[in-house]
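Some notes on the structure that comes next.
Numbering (our numbering), first residue to last: 35 to 115.
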């Protein structure tokens with residue numbers, strides 16, 4: 035499972051941080067950080083979701099109020115949003 039995060043879209047509600055430890059707060063920027071994410075494009079970060087953390091990552095994507103988080107299965111099919 036792969037997660038993508040658009041940091042530019044993020045509005046800093048930090049609901050994702052409450053759902054999954056893969057996200058942390060950057061209070062200075064007012065944005066979340068996808069820990070271990072590789073920048074695939076400006077302000078777009080991607081990483082693999084560790085085994086056993088899929089549910090929490092999915093919940094983080096689902097609670098994002100601006101759909102800044104997208105989740106893909108191993109075949110590349112979009113799961114969330």
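Using N, Cα and C, we set each Cβ at its ideal position, and we do this for glycine too.
Given the structure is predicted, the values throughout are model-derived calculations rather than measurements.
To the nearest angstrom, how far is the alpha carbon of residue 69 from that of residue 111?
Distance between the alpha carbons of residue 69 and residue 111: 23 Å.
Counterpart residues of residue 59 in DSSP-defined beta bridges:
DSSP, once it has assigned bridges, lists 66 as partnering residue 59.
Straight-line gap, residue 108 to residue 85 (C-alpha atoms, nearest Å):
About 12 Å.
Alpha-carbon spacing of residue 99 relative to residue 82, whole angstroms
Their Cα atoms are separated by approximately 22 Å.
N- and C-terminal bounds of the alpha helix (DSSP H) containing residue 88
From DSSP, the alpha helix (DSSP H) with residue 88 extends over 88-97.
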